[in-house]
Amino acid sequence: MDRTDFRQKSAHIPVAREGVPFIVAGMFVTFVAAILGCSFLAWVLTAVTLLVGHFFRDPERVAMAGDRELVSCADGKVIAIDRVESARFIPGPRLRISIFMSVFDVHVNRIPCSGIVRGVCYQKGRFLAANRAAAGRENEQNWLWIRTDEGADIVLTQVAGLIARRIVCWPGADDKVVRGERFGMIRFGSRMDVYVPEDSEFLVSRGQHVYGGETALCRLK
3 MDRTDFRQKS
13 AHIPVAREGV
23 PFIVAGMFVT
33 FVAAILGCSF
43 LAWVLTAVTL
53 LVGHFFRDPE
63 RVAMAGDREL
73 VSCADGKVIA
83 IDRVESARFI
93 PGPRLRISIF
103 MSVFDVHVNR
113 IPCSGIVRGV
123 CYQKGRFLAA
133 NRAAAGRENE
143 QNWLWIRTDE
153 GADIVLTQVA
163 GLIARRIVCW
173 PGADDKVVRG
183 ERFGMIRFGS
193 RMDVYVPEDS
203 EFLVSRGQHV
213 YGGETALCRL
223 K
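Numbering (our numbering), first residue to last: 3 to 223.
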């Protein structure tokens, strides 16, 4: 995907673009039910459409982090902070922060740091519950490698979950990205893993709820 397409696709509207077809379809079916006099069904469909709209909401966010701090890629709960022996694209030990997104969280994903996209890799897999440890190894996922302006390598993994069956990632290799901007989403419950240099300082703790584009996750040395 070229840079022009990336910027155009990530332009802000009140809901994620991927949600517009679902919302429009829900409104249309609700209207038909109302016209046919199926009032109970129309009310049910109205509620469902509102829930879908809530899921695809895309609020504006302002990063309050310092210059060398990475902001969260997603809304959700920090379910793991650990050390791994390697990450795709980058050999050697890394620190990993795992964030679980429930169906009630905002599912638009955001860039944690400014830099250049060095690589993108999609991997087919299973659809285990995203909060399970095995999900990070076995589930369908998309890897995004960013090299910061200071030369640090950051790897993000969008992990599909039990309900989530589609991963969206807009930028491609050699795109320049800016901290806090939108870069994709995962539909209906999922997980995000962030791999950072081993000497990074964590600014969040396990069990903490974080907000994409706002909460500082860690500080690079």
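Even glycine gets a Cβ: it sits at the ideal position worked out from N, Cα and C.
Worksheet item: L72 lies in the beta strand (DSSP E); which residues open and close that run?
Response: E71 to V73
Item to complete: Sort G153, G68, M187 and P199 by Cα distance to E20 and report the nearest one.
Response: M187
Fill in: Nearest-angstrom Cα separation, counted from D195 out to K126
16 Å
Discussion item. The alpha helix (DSSP H) that contains A35, what's its start and end?
Written reply: V22 to I37
Discussion item. Short of 8 Å in beta carbon distance, which residues of its chain neighbour D107, apart from the five on each side in sequence? Order them along the chain.
Written reply: A76, D77 and G78
Worksheet item: Is G117 helix, strand or coil when you go by DSSP?
Response: strand
Worksheet item: From this set, G121, E87, F30 and I113, which residue's C-alpha is nearest R98's C-alpha?
Response: E87
Worksheet item: CB-CB under 7 Å to L47, same chain, minus the five flanking residues each way: which ones, in chain order?
Response: G28, V31, T32 and A35
Worksheet item: Can you tell me whether G153 is buried or exposed, with buried defined as 16 or more other CB within 10 angstroms of its CB?
Response: exposed
Discussion item. Is it the case that the segment 192–211 contacts the segment 40–58, given that we only count it when at least three CB pairs across the two stretches are under 8 Å?
Written reply: no
Item to complete: Report yes if the CB atom of S74 is closer than 8 Å to the CB atom of T217, and no otherwise.
Response: yes
Practice prompt. From the DSSP output, in three-state form, read off H109 for me.
Written response: coil
Worksheet item: Whose C-beta lies closer than 6 Å to the C-beta of Q210 among residues of the same chain, with five residues either side of it excluded?
Response: V80
Worksheet item: Would D155 pass as a contact of W147 if the rule is Cβ separation under 8 Å?
Response: yes
Worksheet item: Looking at the structure shown, is T6 part of a helix, part of a strand, or coil, going by DSSP?
Response: Residue confidence is low: T6 scores 44 on pLDDT, short of 50, so the model does not pin down where it sits. Its coordinate-derived value is still stated next. Helix at T6.
Discussion item. Please tell me whether L219 and P114 are closer than 8 Å, where the distance is taken between their beta carbons.
Written reply: yes
Worksheet item: Which two residues bound the contiguous beta strand (DSSP E) that contains F57?
Response: Taken as a continuous stretch (DSSP letters only), F57 belongs to no beta strand (DSSP E), being part of the alpha helix (DSSP H) at S41 to F57.
Practice prompt. Return yes when the Cβ of V110 is within less than 8 Å of the Cβ of A184, no when it is not.
Written response: Per the sequence shown, residue 184 should be read as Arg rather than Ala. Result yes, Cβ atoms of R184 and V110 sit closer than 8 Å.
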